[in-house]
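J.:
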Amino acid sequence: MAERSGAKADTMEMGGMPLMEHIGELRKRVILIIIVLVLALVGGLFGAEPLFDYLVDAAPSGQIDLSAFSPWDAISLYMKFAFIISFIVVIPFTLFQLWAFVKPALGKKEQRATLRYIPGALFMFLAGLAFAYYVIFPMAYSFTEKVTANLGLKQVYGANQYFSFLFNILVPMSLLFELPIVILFLTRIGILSPDLLRKLRKLAWFVMAVVGVVVTPPDVISDLLVAVPLILLYEVSVLLSASAYNKRLRRAAEREAEFDEED
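Everything in the sequence shown is counted per our numbering, starting at 13 for the first residue and increasing by one.
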């Protein structure tokens, strides 16, 4: 009896595909993502130095002199820049693999609609990078310089510390800007619903406010300049989710009506 139930589980269908084939397909997609991540990291190592030079020249206070306080600082910086560059490549590729994985369960219209989210994800990631670098980072940088000057300290910048400070602002903000695309995509494939997002609204607002406080100087204006755009992003995500959910329900009703007519 146990053997029979085990065999039944192995042949259980998920989206028209046996369970074991489903797991094998998922493993293949994950392996592809890992391969692309490794290749992007290698490419990122070649792009690390030009990006480093640009960010040093474009520092908020003008070109700055950076120091290495450890023999490992340069290697650590190369890896950090490589990861940032690889993220830009891997995020849209990961979304494409997710789309390819759920594609058999989607209708042809849904396949075309969800495929369009991939360039959108790259655009939102870059928009998040720009917002973090050109709006949030200068505020945080100016605040730390003022505090240092008020204490009469001489600022000596460690390269690793400076870019850790920068990336701790850039990376979370860039990922948060993916929120509308991810929510819209997950709604399209039936994982999320606008009702669930509305129930989580208070928690989401709290998280956005915490992020605004953590990544900016401790003053109300700076906190609002970050928290308000993030909250607006969430609200836009809820509206997009509601629109996608209603379209999905209409298509499901149309398909059901077509089946009833055929019967």
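Backbone N, C-alpha and C define an ideal beta-carbon position, used for all residues, glycine too.
Between Leu208 and Arg41, what straight-line distance do the alpha-carbon atoms span, to the nearest angstrom?
T.: The residue you call residue 208 lines up with position 196 of the sequence shown. The residue you call residue 41 lines up with position 29 of the sequence shown. So the two alpha carbons sit approximately 28 Å from each other.
J.: Which runs of the alpha helix (DSSP H) at least 4 residues long sit entirely within the segment 92 to 164? Give them in chain order.
T.: Counting only runs of 4 or more, we get 120 to 127, 129 to 143 and 149 to 162.
J.: Mind checking Thr199: buried by the 16 CB within 10 Å criterion, or exposed?
T.: Numbered from 1 along the sequence shown, position 187 holds the residue referred to as residue 199. Buried, since its Cβ has 16 or more Cβ neighbours within 10 Å.
J.: Indicate the three-state DSSP secondary structure (helix, strand or coil) for Ser79 in the structure shown.
T.: Counting from one through the sequence shown, the residue named residue 79 turns up at place 67. Note: Ser79 maps to strand in three-state DSSP.
J.: Looking at the strands, I want to know which residues DSSP matches up with Gly59.
T.: Counting from 1 along the sequence shown, the entry for residue 59 is found at position 47. In the DSSP output, where bridge partners are listed per residue, Gly59 has none listed.
J.: Would you say Gln123 and Ile45 are within 8 Å of each other, going by their C-beta atoms?
T.: The count along the sequence shown starts at 1 and reaches residue 123 at position 111. The count along the sequence shown starts at 1 and reaches residue 45 at position 33. No, they are not a contact pair.
J.: Name the two residues that bound the continuous alpha helix (DSSP H) containing Trp217.
T.: The residue labelled residue 217 in the question sits at position 205 within the sequence shown. Element bounds for Trp217: Arg213 to Val226.
J.: Does the pairing of the segment 180 to 190 with the segment 133 to 140 give three or more beta-carbon distances under 8 Å?
T.: Yes, the segment 180 to 190 touches the segment 133 to 140.
J.: Any idea what DSSP makes of Met26, helix, strand or coil?
T.: One-based indexing of the sequence shown puts residue 26 at position 14. In this predicted model, Met26 has a pLDDT of only 46, less than 50, meaning its place in the structure is not dependable; the value taken from the coordinates is given anyway. In this structure, Met26 counts as strand in the three-state DSSP scheme.
J.: Can the beta-carbon of Ile87 be found closer than 8 Å to that of Gly56?
T.: Your numbering for residue 87 matches position 75 in the sequence shown. Your numbering for residue 56 matches position 44 in the sequence shown. It is not a contact, given that the beta carbons lie outside the stated cut-off.
J.: Which two residues bound the contiguous alpha helix (DSSP H) that contains Leu196?
T.: The sequence position of residue 196 within the sequence shown is 184, counting from 1. Leu191 to Arg200 is the span of the alpha helix (DSSP H), which, as asked, contains Leu196.
J.: Take every Cβ of the segment 61 to 81, pair it with every Cβ of the segment 101 to 116, and state whether three or more of those distances are shorter than 8 Å.
T.: Cβ pair count under 8 Å is below three, so no.
J.: Using a Cβ-Cβ cut-off of 6 Å (strictly less than) and excluding sequence neighbours within five positions of Leu63, which residues of its own chain qualify?
T.: Within the sequence shown, the letter at position 51 stands for residue 63. The answer, listed in chain order, is Phe93.
J.: Quick one: using the 10 Å Cβ neighbour count with 16 as the cut-off for buried, is Asn180 buried or exposed?
T.: For the purposes of this step, residue 180 is taken as residue 168 along the sequence shown, with counting starting at 1. The residue in question, Asn180, is exposed, as its Cβ has fewer than 16 Cβ neighbours within 10 Å.
J.: If distances are taken between C-alpha atoms only, which option among Leu245, Ile148 and Ser82 comes closest to Ile195?
T.: Position 183 of the sequence shown, counting from 1, holds the residue named residue 195. Ranking the options by Cα distance to Ile195, first place goes to Leu245.
J.: Of the choices Ala239, Leu163, Tyr174 and Arg128, whose alpha-carbon is the least far from that of Asp77?
T.: On the sequence shown, residue 77 is found 65 positions in, with the first residue counted as 1. Cα-wise, what sits closest to Asp77 is Tyr174.
J.: Does the beta-carbon distance from Tyr146 to Leu182 come in below 8 Å?
T.: On the sequence shown, position 134 is the one that residue 146 refers to. On the sequence shown, position 170 is the one that residue 182 refers to. No, these two residues do not count as a Cβ contact at 8 Å.
J.: Enumerate in chain order the residues of its own chain whose CB-to-CB distance from Leu127 is below 7 Å, with the five nearest sequence positions on each side excluded.
T.: To locate residue 127, count along the sequence shown from 1; it is residue 115. Closer than 7 Å at the Cβ level, and outside the excluded window around Leu127, lie Trp111.
J.: Using a Cβ-Cβ cut-off of 8 Å (strictly less than) and excluding sequence neighbours within five positions of Ile130, which residues of its own chain qualify?
T.: The sequence position of residue 130 within the sequence shown is 118, counting from 1. Hits under 8 Å: Pro104, Leu107, Phe108 and Trp111.
J.: Once the 5 residues before and after Leu49 are set aside, which same chain residues still bring their CB inside 7 Å of it?
T.: As a first step, residue 49 is located in the sequence shown; it is residue number 37 there, counting from the start. These residues qualify, in order along the chain: Ser98 and Val102.
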